[in-house]
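K.L.:
Protein chains: 2
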Amino acid sequence: MRDLFKRLASWLLVAASLSPLAGFAIEHPGLLLTRDGVESIRANLGKAPLFDDSLRSAREDVDQEIALGIDVPVPQDFSGGYTHERHKRNFFVAQKAALLYQILDEPRYGNYVRDMLLEYAALYPTLPLHPKERSYARGRLFWQCLNDANWLLYMAQAYDAVYEFLSVEDRELLERDLFRPFADFISLDNPQFYNRVHNHSAWGSAAVGMIGVVMGDEVLIDRALYGFEASVDVNARDNDGGLISTDGQGRGFLANLDAPFSPDGYYTEGPYYQRYAMYPFLAFSIAMENAYPDKLVLQQKDTVLVKATYALLNLADSQGEFFPINDAQKGMSIINSSLVTAVDAAYLYGEQDPALLSVASEQGQVALDQSGMAVALAIEEGHAKPFLKRSVILRDGPRGEQGGIAVLRDPDAGLETVFKFSAHGLSHGHFDKLAIAVHDAGREVLQDYGLVRFVNIEQKGGGNYLPENKSWAKQTVAANTLVVDGQTQFGGEYDASSRNHSDLLFSDIGDDSFQIVSAREENAYAGSVMQRTVAMLRSPQENPVVLDVLRVTSDSPRTYDLPFHYLGQVIHTNFSFTQDNELRVLGDGHGYEHLWREAVGEDIGTSATFTWLDVGRFNTITTATQNDDRLFLARLGANDPDFNLRRDPTLIVHRESDGPTVFASTIQSHGGYDPVSESAVDVPGDVDRVEVLLSTQAYEAVGIHWHGGERSLLIVAHREVSAGQNHKLGIGGREYHWTGPFHWVPLL
Amino acid sequence: MRDLFKRLASWLLVAASLSPLAGFAIEHPGLLLTRDGVESIRANLGKAPLFDDSLRSAREDVDQEIALGIDVPVPQDFSGGYTHERHKRNFFVAQKAALLYQILDEPRYGNYVRDMLLEYAALYPTLPLHPKERSYARGRLFWQCLNDANWLLYMAQAYDAVYEFLSVEDRELLERDLFRPFADFISLDNPQFYNRVHNHSAWGSAAVGMIGVVMGDEVLIDRALYGFEASVDVNARDNDGGLISTDGQGRGFLANLDAPFSPDGYYTEGPYYQRYAMYPFLAFSIAMENAYPDKLVLQQKDTVLVKATYALLNLADSQGEFFPINDAQKGMSIINSSLVTAVDAAYLYGEQDPALLSVASEQGQVALDQSGMAVALAIEEGHAKPFLKRSVILRDGPRGEQGGIAVLRDPDAGLETVFKFSAHGLSHGHFDKLAIAVHDAGREVLQDYGLVRFVNIEQKGGGNYLPENKSWAKQTVAANTLVVDGQTQFGGEYDASSRNHSDLLFSDIGDDSFQIVSAREENAYAGSVMQRTVAMLRSPQENPVVLDVLRVTSDSPRTYDLPFHYLGQVIHTNFSFTQDNELRVLGDGHGYEHLWREAVGEDIGTSATFTWLDVGRFNTITTATQNDDRLFLARLGANDPDFNLRRDPTLIVHRESDGPTVFASTIQSHGGYDPVSESAVDVPGDVDRVEVLLSTQAYEAVGIHWHGGERSLLIVAHREVSAGQNHKLGIGGREYHWTGPFHWVPLL
């Protein structure tokens with residue numbers, strides 16, 4: 001039966017390649033859902049439960065809206081407000097209703113879409129710019145062009161699917177009063193929005209391209225693919241502080257496809273925005289594949305969109321939630337509808353990977369087009385295989401030359417470590433080079449704060465980014481990475497950070513019992529070079545442990561802060577601390593102004609242990625310390641007049657150093673607490689102490705002393721990191737010989 | 001088939017009643033598991049999956065321990081430490097192994113129990129008092145006699161089940177060197193532990209009684225039932241500050257069964273300790289029912305233990321977790337093993353209520369005795385019916401004369417309000433008369449803090465109560481109830497609080513769409529009388545809303561604080577507030593020293609709205625205010641040197657008043673936020689504002705203005721609260737006539 005689906009898939013592809021050539025009107029429907037696709041779907045209804053369920057669910061949704069009646073209100077609100085949410089819901093529902101019209105051949109769905117579009121055609125010519133003035137590119141239906149582009153991309157599909165249902169007069173009216181002026185407005189009238197390399201422009205160009213395909217308008221398709229000539233103020237910025245100017249990266253859909261995606265499919269803004277951008281990228285690429293296959297849009301950059309789908313799936317934790325890299329709202333996950341389209345498309349237009357079928361099953365729905373039917377049929381036939389998430393290193397940059405992101409995963413436990421050594425990530429990037437985050441079975445052990453925004457909650461600043469996103473979330477101290485002299489990396493300057501990236505030094509993720517990644521950052525702080533090495537290893541008790549070794553060399557005495565953003569209740573420390581009687585902020589600016597200093601640990605000794613309990617699991621940081629180190633227990637929430645920040649805690653290792661210094665720490669999640677049986681299991685964890693045995697310009701050596709008395713050793717090379725390089729090094733009277741950039745001795 | 005089980009059950013009861021009379025040795029086994037029970041179990045193995053699963057699970061557990069080998073270490077640790085946990089595990093495992101021996105008739109289980117008991121018999125005579133000196137009644141195996149009693153109660157069952165397996169010599173040795181001195185130690189040597197009315201003494205007397213039954217020792221059984229003569233220092237207190245002296249309430253098991261249980265089965269310490277005490281109460285009562293049915297122990301107080309099981313199930317939230325009334329660790333739930341025994345016993349020895357079967361299914365296990373088999377067979381035969389939790393009012397006090405607890409439940413939504421107007425609750429009581437707590441589908445909307453203790457986590461103060469339990473958790477400001485002049489109720493004096501209780505004024509919980517309970521407290525603050533009326537009603541949109549009206553009358557000007565202990569992130573307020581630049585504590589003593597003042601709202605207007613988001617749900621307090629009121633946003637964590645407290649937030653309405661004043665508020669959980677679709681539903685909720693329309697010595701009238709423009713009205717009488725009383729009252733030019741203590745007008 002597998003072959004049958006391959007045949008189905010290739011037949012669909014062949015059918016698509018028979019579509020008319022550019023310059024001619026396409027068959028309708030002809031975007032994501034094609035006329036041939038409709039036939040194959042109708043032939044298979046009742047045979048693929050996941051498709052049937054998705055169809056039923058869409059039908060219930062649309063029928064409910066039809067019963068409520070159409071409302072096309074005069075625009076007024078920010079996101080979260082009524083008019084915003086109504087227009088947003090309209091384009092989702094119209095697209096669904098139009099697909100239902102095609103699949104079910106029931107005229108009432110066609111009528112609903114026609115009536116709604118005609119109402120828009122009556123309203124649109126009367127609209128000035130949206131009354132909310134916050135955006136650098138105000139829309140007409142919405143407060144920002146971005147949402148207008150969302151509307152057009154969905155409505156293009158709705159129009160395509162009811163095209164044949166409409167009278168010629170209605171079509172002429174819609175194209176004249178609505179679609180053409182709409183497409184021109186978000187492009188020609190808003191070059192600062194349209195001509196960038198940014199997810200905004202991906203949406204804009206895809207939307208213009210989609211409606212261009214429907215209308216058979218080569219001018220619009222050309223404008224979609226390549227942008228248009230327009231002068232842009234090179235210093236202009238968007239609302240997030242991102243530069244408008246694309247700085248020679250080109251413009252239009254193809255440039256947007258090229259620049260932000262790395263050859264590995266990593267999208268430089270991070271998975272939260274990648275998820276958002278995947279839909280327009282895929283929608284227009286597939287539409288072009290179906291309508292103008294000779295343009296080879298889907299095949300661009302070695303079919304990077306299929307790779308990008310895998311990259312996204314790999315950038316989700318064990319529960320399917322995306323790691324909140326850069327600006328990212330937590331909780332966004334692979335069940336998002338944009339991922340449904342991506343997974344189904346990657347299946348049909350990719351290699352029909354059976355592992356994608358298990359992801360689709362987890363999503364619980366499929367797209368209402370031929371890709372969704374192909375996936376649902378294959379699942380029903382039992383072809384699904386597990387999607388196994390392993391450790392992965394994804395390069396960043398258009399050519400993979402701008403560092404990257406590593407995810408180390410313990411295959412048996414749910415422990416995952418994200419290590420970021422990427423480019424800045426455009427306007428949604430954070431100043432957190434060499435940051436780590438640790439997750440355990442979907443729980444955050446060391447968190448990345450994410451963004452400071454309540455997306456679509458109008459009561460919180462119109463649902464938009466809040467001031468603390470810039471003053472806290474983007475700052476270096478908000479991340480689990482080193483802060484030098486209390487300053488944010490690159491002085492918090494977007495331009496400087498955007499010109500630089502960290503570099504991968506070496507990695508070895510092939511052995512489940514010991515995985516290692518090492519990266520270097522030379523530009524974040526003038527005069528300082530940082531190398532961070534992150535390993536996931538096994539204790540003698542076979543429990544996974546993260547070893548984190550950060551070495552910094554500076555050209556003058558510096559003050560260093562290494563925050564560990566834990567979550568939960570303090571259970572045990574091996575040092576004493578003094579609570580402050582009045583709480584003051586930890587510092588001025590660079591995010592420190594948001595941290596209340598709750599307590600200070602002093603006289604730390606040579607290894608500090610910090611154990612906390614969170615959601616039934618114990619976690620311990622054990623870090624090699626120097627006697628003058630101070631440990632700050634701090635909590636977020638200062639200078640937060642509108643209570644926009646969570647009151648999350650952090651532990652900061654504070655060190656003043658004249659010379660090179662090493663922060664070596666283990667992080668472990670262990671044991672657990674059950675409030676029903678009231679039993680506590682393995683509160684201490686496996687690590688007794690961590691010790692820096694040696695630190696030179698060429699090597700560092702870190703020892704782990706386990707509670708059972710065993711010792712392990714990691715040696716990392718700084719200078720000679722090639723795989724074939726032989727090394728020898730004496731430590732404590734013993735000589736070690738090895739080949740390659742690191743040497744791990746599990747039991748000394 | 002139902003009849004078959006009734007027959008089985010009554011046959012078992014009849015069989016039990018044929019057991020030997022007092023003064024003769026009983027058949028073995030003869031406690032919870034009887035010889036006849038063993039036969040019926042063996043006959044039904046393989047027929048009742050839930051029993052078979054429970055048996056398999058017990059077998060896996062015990063086999064694993066047998067493989068590990070027996071360890072009976074010299075006592076050394078607090079709870080959470082190795083020796084404590086090992087001895088605790090030993091008695092659990094030995095009891096299970098002995099039951100397995102009976103059910104499976106495999107000698108290796110008998111050998112295991114024998115060998116372990118002989119090791120204890122060798123160790124016990126050598127033991128001094130436990131080296132940890134914290135307890136008012138130190139044990140020998142454990143740091144407190146309470147745990148020694150736990151050990152004896154389980155080991156008595158283990159001994160009973162292997163009694164026939166042991167040689168006469170072994171039995172003599174065990175009784176001489178272990179069981180008799182053990183029973184004497186926890187009773188005769190520790191009257192301050194044994195002769196009280198307290199859960200400690202329930203355990204103590206039940207344990208002594210159980211071993212007495214096994215050994216056929218009437219002296220011990222008598223001592224168990226009635227205690228023994230001993231002089232007690234009337235001022236002596238336990239480690240929680242509770243008085244040792246029982247003050248005429250009697251002593252021994254029967255007194256413990258009488259005094260703390262109300263006729264409704266409410267246990268005055270609250271459900272957390274009731275759950276803990278249920279096991280010894282049931283175990284010894286059932287043992288007596290089986291061995292000495294003429295003593296009618298199980299039938300005491302109208303079979304209160306069966307009522308108590310229902311009370312416990314009704315004091316759990318919609319997810320089965322107990323409301324944390326008084327000292328209570330959150331997360332304890334009806335799946336606790338103690339509740340398994342209780343539910344199975346209440347089924348077999350009660351009325352064979354099919355609703356209990358669905359609870360047993362939810363628990364996922366049954367007791368390894370005839371009650372467990374009866375339940376499992378009945379479930380397998382399909383007799384289970386849903387256990388519907390409705391609103392309930394449980395009286396407190398031995399005769400139901402000391403106030404009580406109400407739980408108002410909306411039957412369609414998951415909203416539940418707990419209202420406490422009970423007695424103090426012995427040494428585990430809190431000073432929180434008239435407190436409320438609100439839960440929504442298992443989530444805390446307004447929380448009761450619970451206790452400050454990490455039970456069995458040795459690293460946190462030996463797993464014992466922490467100082468902040470007294471300085472915070474027990475204090476009035478820690479609860480959702482009124483604080484007068486910044487003082488805790490009864491000046492924080494246990495004795496005074498224990499002598500007093502609140503009183504139920506009136507209630508009507510018969511109508512799902514409007515339920516109401518009103519209670520009065522006259523003693524908590526000298527010169528102040530408080531009446532709180534809590535209603536659960538429906539908005540015009542049919543959403544459940546809590547209306548909370550608290551009237552206080554004092555003999556002089558006072559300052560009032562009404563805290564609302566919410567959880568989550570602030571989303572919207574209709575008032576402005578100013579954040580403090582440095583955090584100071586909110587006050588001195590009475591719990592205020594633990595609260596950081598984060599911000600102050602001023603110029604509040606006449607109705608304050610406070611909306612927060614927690615775990616995907618919006619919640620709003622709307623409270624009628626006076627213009628001089630201040631609203632404190634505070635956060636827990638000050639004066640907490642060991643970080644024992646959660647950093648939870650609170651909203652406090654602060655009012656200075658010369659005369660009587662009313663705090664009228666609505667609390668609603670509404671709408672929700674989905675981070676995957678990023679959609680926010682119903683952020684504002686239904687309530688626009690709350691207004692006190694009238695407040696006299698006889699009546700108060702509160703209006704709710706809904707967002708849709710509708711208005712509702714509640715009038716509450718203070719003086720004439722009888723059901724048949726006719727009232728008339730003019731408000732705003734309109735006259736209202738009604739009968740009974742309250743008048744609810746859903747739409748004015």
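Read top to bottom, the protein sequences are chains U and W. For the first sequence, full-length UniProt numbering gives the first residue as 1, with consecutive numbering after it. For the second sequence, full-length UniProt numbering gives the first residue as 1, with consecutive numbering after it. A virtual CB, placed ideally from N, CA and C, is assigned to each residue, including glycine.
Check alanine 183 of chain U in the structure and name its three-state DSSP category.
P.N.:
Three-state DSSP puts alanine 183 of chain U in a helix.
K.L.:
Tell me which residues of the segment 308 to 336 of chain U have at least one Cβ-Cβ distance to chain W shorter than 7 Å, keeping chain order.
P.N.:
Here the close residues are Gln329, Lys330, Gly331, Met332, Ser333, Ile335 and Asn336.
K.L.:
Rounded to the nearest angstrom, what separates aspartate 327 of chain W and tyrosine 273 of chain W at their Cα positions?
P.N.:
One C-alpha to the other measures close to 8 Å.
K.L.:
Return helix, strand or coil for phenylalanine 632 of chain W, following the three-state DSSP convention.
P.N.:
In the structure shown, phenylalanine 632 of chain W sits in a strand (DSSP, three-state: E or B).
K.L.:
Can you list, in chain order, the residues of its chain whose CB lies under 6 Å from that of methionine 1 of chain W, leaving out five sequence neighbours each side?
P.N.:
For methionine 1 of chain W, the predicted structure reports a pLDDT of 40, less than 50, and the residue's modelled location is therefore unreliable. A value from the coordinates is still provided. Glu381.
K.L.:
Among U/Leu537, U/Phe421 and U/Arg108, which has the Cα closest to the Cα of asparagine 480 of chain U?
P.N.:
Asparagine 480 of chain U has its Cα closest to that of U/Phe421, out of U/Leu537, U/Phe421 and U/Arg108.
K.L.:
Within the same chain, show all residues whose beta-carbon is closer than 8 Å to that of alanine 206 of chain U, passing over the 5 residues directly before and after it, in chain order.
P.N.:
Same-chain partners within the cutoff: Ala149, Leu153, Ala224, Phe253, Pro280, Phe281, Ala283 and Phe284.
K.L.:
Just the Cα atoms here: how many angstroms apart are isoleucine 221 of chain U and methionine 373 of chain U?
P.N.:
Going by the C-alpha atoms only, they are around 28 Å apart.
K.L.:
In the DSSP output, which residue or residues are listed as bridge partners for threonine 417 of chain W?
P.N.:
Paired residues: W/Leu408 and W/Val438.
K.L.:
Does the structure place the segment 302 to 316 of chain U close enough to the segment 361 to 375 of chain U that three or more beta carbon pairs sit under 8 Å?
P.N.:
No, they do not touch.
K.L.:
For the segment 661 to 680 of chain W, list every residue whose C-beta sits within 9 Å of some C-beta in chain U, in sequence order.
P.N.:
Taking 9 Å as the Cβ-Cβ cut-off against chain U, the residues of the segment 661 to 680 of chain W that qualify are Tyr673, Asp674, Pro675, Val676, Ser677, Glu678, Ser679 and Ala680.
K.L.:
Measure the alpha-carbon distance for aspartate 440 of chain U versus alanine 717 of chain U and round it to whole angstroms.
P.N.:
About 29 Å.
K.L.:
How far does the beta strand (DSSP E) with serine 358 of chain U in it extend, from its first residue to its last?
P.N.:
Here serine 358 of chain U belongs to no beta strand (DSSP E); instead the alpha helix (DSSP H) covers 354 to 363.
K.L.:
Just confirm the distance between the C-beta atoms of phenylalanine 78 of chain W and histidine 87 of chain W, as a whole number of angstroms; I'd bet it's less than 8 Å.
P.N.:
Contact doesn't hold; Cβ gap of about 12 Å is too wide.
K.L.:
Can you name the residues of chain U whose CB is closer than 8 Å to the CB of glutamine 475 of chain W?
P.N.:
Correct list: empty, because the minimum Cβ distance to chain U is about 19 Å.
K.L.:
Tell me, please, whether the CB atom of asparagine 456 of chain U is closer than 9 Å to any CB atom in chain W?
P.N.:
By this cut-off, asparagine 456 of chain U is an interface position.
K.L.:
State the Cα-Cα distance for the pair threonine 476 of chain W and aspartate 485 of chain W, rounded to the nearest angstrom.
P.N.:
Using only the alpha carbons, I get a separation of about 11 Å.
K.L.:
Within 10 Å of its beta-carbon, does aspartate 396 of chain W have 16 or more other beta-carbons around it, so buried, or fewer, so exposed?
P.N.:
Buried.
K.L.:
Measuring alpha carbon to alpha carbon, tell me which of U/Glu65, U/Phe165, U/Val74 and U/Val721 ends up nearest alanine 519 of chain U.
P.N.:
Closest option to alanine 519 of chain U, Cα to Cα, is U/Val721.
K.L.:
In chain W, which residues lie less than 8 Å from glycine 80 of chain U when you measure between Cβ atoms?
P.N.:
Ala680 and Val683, listed in chain order.
K.L.:
Only counting the same chain, and skipping five residues up and downstream in sequence, which positions put a Cβ closer than 7 Å to that of glutamine 569 of chain W?
P.N.:
Trp612 and Leu613, listed in sequence order.
K.L.:
Could you pull the DSSP bridge partners for arginine 223 of chain W from this structure?
P.N.:
Per DSSP, none; premise fails for arginine 223 of chain W.
K.L.:
Can you say whether lysine 433 of chain U is buried or exposed, counting buried as having 16 or more other CB atoms within 10 angstroms of its CB?
P.N.:
Label assigned to lysine 433 of chain U: buried.
K.L.:
Return the residue from the list W/Ala345, W/Gly740, W/Gly320 and W/Phe323 that minimises the CA-CA distance to threonine 303 of chain W.
P.N.:
Of the candidates W/Ala345, W/Gly740, W/Gly320 and W/Phe323, the one whose C-alpha sits nearest the C-alpha of threonine 303 of chain W is W/Ala345.
K.L.:
Would you identify the three-state DSSP class for leucine 231 of chain U, choosing helix, strand or coil?
P.N.:
Here the sequence assigns serine to residue 231 of chain U, which means leucine is not the residue at that position. Of the three classes helix, strand and coil, the one that applies to serine 231 of chain U here is coil, per DSSP.
K.L.:
In chain order, what residues of the same chain lie with their CB nearer than 6 Å to the CB of isoleucine 103 of chain U, ignoring the 5 residues before and after it?
P.N.:
Closer than 6 Å at the Cβ level, and outside the excluded window around isoleucine 103 of chain U, lie Ile41.
K.L.:
Contact check, alanine 158 of chain W vs alanine 98 of chain W under 8 Å by CB: the rounded distance?
P.N.:
Going by Cβ atoms, the distance from alanine 158 of chain W to alanine 98 of chain W rounds to 4 Å, so yes, they are a contact pair.
K.L.:
Does DSSP classify lysine 728 of chain W as helix, strand or coil?
P.N.:
Strand.
K.L.:
Going straight from the alpha carbon of glycine 110 of chain U to that of aspartate 61 of chain U, what length do you get?
P.N.:
Spanning the two alpha carbons is a distance of roughly 15 Å.
K.L.:
Shorter than 9 Å from the beta carbon of tryptophan 596 of chain U to some beta carbon of chain W?
P.N.:
Output row for tryptophan 596 of chain U: interface = yes.
K.L.:
Compare the Cα-Cα distances from phenylalanine 91 of chain W to each of W/Leu141, W/Gly404 and W/His705 and report the closest residue.
P.N.:
Per the Cα distances, W/Leu141.
K.L.:
On the three-state DSSP scale, how would you describe tryptophan 596 of chain U?
P.N.:
DSSP places tryptophan 596 of chain U in strand when its eight states are reduced to three.
K.L.:
Can a CB atom of chain W be found closer than 9 Å to the CB of glycine 462 of chain U?
P.N.:
Cβ-Cβ to chain W under 9 Å: no for glycine 462 of chain U.
K.L.:
Select from the segment 555 to 580 of chain U all residues with a C-beta closer than 7 Å to any C-beta belonging to chain W, and list them in chain order.
P.N.:
For the segment 555 to 580 of chain U, which is checked against every Cβ of chain W, the residues closer than 7 Å are Gln569, Val570, Ile571, His572 and Gln579.
K.L.:
Counting beta carbon pairs with one atom in the segment 549 to 567 of chain U and one in the segment 652 to 667 of chain U, are three or more of them shorter than 8 Å?
P.N.:
Short answer: they touch.
K.L.:
Pull out every residue of the segment 36 to 68 of chain W whose Cβ sits closer than 8 Å to any Cβ of chain A, in chain order.
P.N.:
Any reference to chain A falls outside this structure, whose protein chains are U and W.
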